[in-house]
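Reviewing the structure listed below.
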Amino acid sequence: MDTATASLPTRDHLRPLRYLWRVPLLLVHAVLAIMLAAFVMSWNRNRVMQNGREPFPHKLVRWWSTMLMRIFGLRAVRVGEPLADPVLFVANHTSWIDIELLHSQRAACFVAKAEIANWPLVGWLAASGGTIFHRRGSNHSLAAVMQVMVERLRAGRSVAVFPEGGTGHDGVLKVFHARIFQAALDADVVVQPVALRFTRNGRRVIDAGFRERENFLQNFLRLLGGPPMDAEVHFLQPVPASPDARRRMAELSRERIAAALEDREA
């Protein structure tokens, strides 16, 4: 029997009840987000770690993301420790919730597709948090994104990327694009792979992210009314720099993330 589960029962009679209390909480949390974003931006969102200590705005980002996930029934579980800024975090990608999941553990500048900027609430929050938007298929956009990444890393901020170049479905981990790793080499920072994994009753839930042909709104509403899950963030062993082998850095990052995603028998 496959250890991964499709996660949802055939009929979920509690879903309407979850909407009754989660939707009002989400609305209140959205208003709070506007207030916090204004405060963070006025405080200077680009403040960096000093002697390994997080700036207060970064702690606010982590708190808000953690609370948002709890509203969606997701309990963040950290495995391992994130390295001190600046770091290039590379993670697997299944859904819009991945950004909030990683933000619940470490405030970082994300590289995300340009379409996210137009998503309700999520797009505005991403822009307020310093997200670097990339237009897929545009070499000019990628060159500009790489330059901004290097600038942020050299300034002491961590950057988080999804090297698959898009979301996967049904637990499939796609090939990692190697070019994005050049930013870490140019900025002379460490690469730390991060595995994002959703579980229920100790077993991986492979369809917590986007299902095939599912859009943002459909996924948003499905997660909002869904039963509780654990959302694991596995901070893995850093990948050694290989100036002459970006492909090897990408492959090794993918291998470590793939191993962390697997279910293990007790």
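Numbering (UniProt numbering), first residue to last: 1 to 266. Ideal Cβ positions, reconstructed from N, Cα and C, are used throughout, including at glycine. Remember, predicted model here, so these are calculated numbers, not experimental data.
Boundaries of the alpha helix (DSSP H) in which residue i is found, first to last residue
i: Ile132; result: Per DSSP, Ile132 belongs to no alpha helix (DSSP H); it is in the beta strand (DSSP E), Ile132 to His134.
i: Phe110; result: Per DSSP, Phe110 belongs to no alpha helix (DSSP H); it is in the beta strand (DSSP E), Cys109 to Lys113.
i: Leu14; result: Where Leu14 is concerned, there is no enclosing alpha helix (DSSP H), given that its DSSP letter is neither H nor E.
i: Glu100; result: Ile97 to His103
i: Pro82; result: No alpha helix (DSSP H) holds Pro82; DSSP gives it neither H nor E.
Where residue i falls: helix, strand or coil (DSSP)
i: Leu88; result: strand
i: Thr5; result: At Thr5, the pLDDT of 49 sits below 50, so the modelled position is not reliable; the number obtained from the coordinates is stated separately. Of the three classes helix, strand and coil, the one that applies to Thr5 here is strand, per DSSP.
i: Arg246; result: helix
i: Ala76; result: strand
i: Arg70; result: helix
i: Arg256; result: helix
i: Arg152; result: helix
i: Ala266; result: Because Ala266 carries a pLDDT of 39, less than 50, the predicted location of this residue cannot be relied on, and the following value inherits that uncertainty. Coil.
i: Arg22; result: helix
i: Arg106; result: coil
i: Arg62; result: helix
Nearest-angstrom beta carbon gap, residue j and residue i [assumed within contact, 8 angstroms]
i: Arg213; j: Ala187; result: Contact flag wrong, Cβ pair sits at about 38 angstroms.
i: Ala195; j: Ile257; result: 4 angstroms
i: Leu36; j: Trp64; result: 6 angstroms
i: His93; j: Phe162; result: 4 angstroms
i: Met146; j: Ala183; result: 5 angstroms
i: Pro193; j: Val239; result: 6 angstroms
i: Arg248; j: Leu173; result: With a Cβ gap of about 17 angstroms, Arg248 and Leu173 do not count as contacting.
i: Met69; j: His29; result: About 11 angstroms; that fails the 8 angstroms criterion.
i: Ala117; j: Arg135; result: Wrong, their Cβ atoms sit about 10 angstroms apart, outside the cutoff.
i: Ala241; j: Leu185; result: 6 angstroms
Within 9 angstroms, strictly: CB atoms of residue i and residue j
i: Ser95; j: Gly209; result: yes
i: Pro86; j: Arg179; result: no
i: Ala79; j: Glu232; result: For the record, residue 79 in the displayed sequence is Val; it is not Ala. Closer than 9 angstroms, so yes.
i: Phe181; j: Val77; result: no
i: Leu261; j: Arg197; result: yes
i: Asp207; j: Asp170; result: yes
i: Pro228; j: Leu17; result: no
i: Arg15; j: Ile71; result: no
i: Leu88; j: Val175; result: no
i: Phe133; j: Val111; result: yes
i: His177; j: Ala250; result: yes
i: residue 294; j: Arg53; result: Nothing about residue 294 can be read from this structure; the chain reaches only from 1 to 266.
Please specify which runs of the beta strand (DSSP E), each continuous and at least 3 residues long, are wholly inside the segment 160 to 244, giving them in chain order.
190 to 200 and 229 to 235
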